[in-house]
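For reference, the structure is listed below as structure tokens.
In the numbering used here, the protein residues as written are 1 to 276.
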């Protein structure tokens, strides 16, 4: 079984962060591990408090993971301060990690700020250059590109700028009233649109976490970047289409919409290999 690591914050309500990442990676057929950057007290209506991990404790988590079960791909989500980001970069560089997907989580779905301004600069200068992919939404892409994005042409220009500036591929996620869930991938200066139909579901808590984790899981399984993005979009579309309705705010999606599907395929494949 392939392995994937999520480095992110915990969401005690289970819809985003570490919890969403582990559910997503598991449902996409890989063994999920986690290094927690922060504990959050939050639910579907907002974030009430954040307790950050120390850089020393985060480093210890990463050492324990890499010296025992090496991850085949890594997803990085909420990292709220500069010191934690530098710790991640140092450890991933030391262990020569690859297939790193960065979800630049700056603001929660509820509107709460999740990243300090100094941390944004450290992410730009240190973390994105070692990543294979960044997955910003429109507001995050505006911060990374320094450009205003009001239409699809703006998305293209911002994506090219991010790709050229930081050296990683970028998936600029549509939505935010720009288009009907069409996402734009820019890798090595090449543009590819991934078209999707907007799903009428107000419960979108954790969509960014879920998409980036699904991409990382599929990269871990050996799919190329474009295929991994498409498989991740298909997964999240189905999870939203399941129309789970929990909580009083923007609720979570159903990560286990197809509990027997991907898992059963993996189990059947393993059984066939052993039989042969």
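Note that CB positions come from ideal geometry on N, CA and C, so glycine has one too.
Backbone secondary structure at residue i - three-state DSSP
i: residue 13; result: coil
i: residue 129; result: helix
i: residue 190; result: strand
i: residue 135; result: coil
i: residue 89; result: helix
i: residue 200; result: coil
i: residue 97; result: coil
i: residue 18; result: helix
i: residue 160; result: helix
i: residue 119; result: helix
i: residue 141; result: helix
i: residue 154; result: helix
i: residue 4; result: strand
Any non-hydrogen atom of the ligand ZN closer than 7 Å to residue i Cβ
i: residue 122; result: In the structure shown, the ligand ZN is absent, as is every other ligand, since no ligand is present at all.
Same chain only: Cβ atoms within 8 Å of residue i, ignoring 5 sequence neighbours per side
i: residue 189; result: 160, 163, 164
i: residue 10; result: 17, 18, 19, 36, 38, 39, 40
i: residue 196; result: 174, 180, 181, 182, 183, 233, 237
i: residue 230; result: 194
i: residue 222; result: 2
i: residue 258; result: 27, 238
Residues near residue i by beta carbon distance below 7 Å, same chain, minus five either side
i: residue 169; result: 132, 133, 163, 185, 186, 187, 225
i: residue 14; result: 252
i: residue 140; result: 104, 106
i: residue 203; result: 244, 245, 250, 251, 252, 253
i: residue 85; result: 79, 119, 122, 123, 126, 127
Supposed contact pair residue j and residue i - C-beta distance, whole angstroms, cut 8 Å
i: residue 101; j: residue 216; result: 5 Å
i: residue 30; j: residue 1; result: 7 Å
i: residue 6; j: residue 77; result: 7 Å
i: residue 208; j: residue 135; result: 7 Å
i: residue 12; j: residue 61; result: The pair is not a contact, with the Cβ atoms about 18 Å apart (cut-off 8 Å).
Residue of the options minimising C-alpha distance to residue i
i: residue 279; options: 46, 201, 233, 200; result: Given that the chain is displayed from residue 1 to residue 276, the structure contains no residue 279 and the question cannot be resolved.
i: residue 191; options: 183, 23, 93; result: 183
i: residue 67; options: 94, 245, 204; result: 94
i: residue 236; options: 256, 250, 249; result: 256
i: residue 97; options: 214, 127, 171; result: 127
i: residue 59; options: 87, 24, 245; result: 87
i: residue 152; options: 201, 193, 166; result: 193
i: residue 57; options: 138, 34, 145; result: 34
i: residue 201; options: 83, 4, 258, 241; result: 241
i: residue 214; options: 3, 21, 8, 12; result: 21
i: residue 32; options: 49, 50, 63, 70; result: 70
i: residue 79; options: 147, 63, 65, 50; result: 50
i: residue 54; options: 65, 210, 83; result: 83
Own chain partners of residue i with C-beta closer than 6 Å, once the 5 adjacent residues on each side are dropped
i: residue 219; result: 73, 99, 228
i: residue 249; result: 44, 45
i: residue 92; result: none
i: residue 167; result: 129
- Message: So within the region 32-81, which uninterrupted alpha helix (DSSP H) runs reach at least 4 residues, ignoring any that extend past its ends?
- Response: 55-66
- Would you mind listing the alpha helix (DSSP H) stretches within the region 211-268 that are 4+ residues and don't spill past its ends, in chain order? 225-241
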